[in-house]
Amino acid sequence: MSKGKGGRIRGIVAGRGKVYEALKGRMGKTRAAKIANAGKTHADRSRMAKKAARTRKQRGEN
Numbered sequence: 027m028s029k030g031k032g033g034r035i036r037g038i039v040a041g042r043g044k045v046y047e048a049l050k051g052r053m054g055k056t057r058a059a060k061i062a063n064a065g066k067t068h069a070d071r072s073r074m075a076k077k078a079a080r081t082r083k084q085r086g087e088n
């Protein structure tokens, strides 16, 4: 079975499958896919992670 164009698996960018699997249980397939596919560069993903940390801190989750 071919992975298709760009090495994508189920519409998830190659190398981001673990992120997708981690998020899928909490927020559903569509939202997890959007987040996993976002952030093409390391800097983009780092920015997203920092924003998530701020959100969790604000909610008192950590």
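Heads up: the sequence shown runs through residues 27 to 88, numbered per my numbering.
From the three backbone atoms N, C-alpha and C, an ideal C-beta is built for every residue, glycine too.
Rounded separation between Gly-41 and Thr-67 - CA only: Approximately 12 Å, taken between the alpha carbons.
Met-74: CB within 7 Å of a non-hydrogen atom of the ligand FAD: You won't find the ligand FAD in this model; it holds no ligand whatsoever.
Cβ neighbour criterion (16 or more within 10 Å) applied to Ala-62: Ala-62 is buried by the Cβ-count criterion.
Best match in Gly-37, Thr-81, Ser-72 for proximity to Ala-58 [C-alpha to C-alpha]: Gly-37
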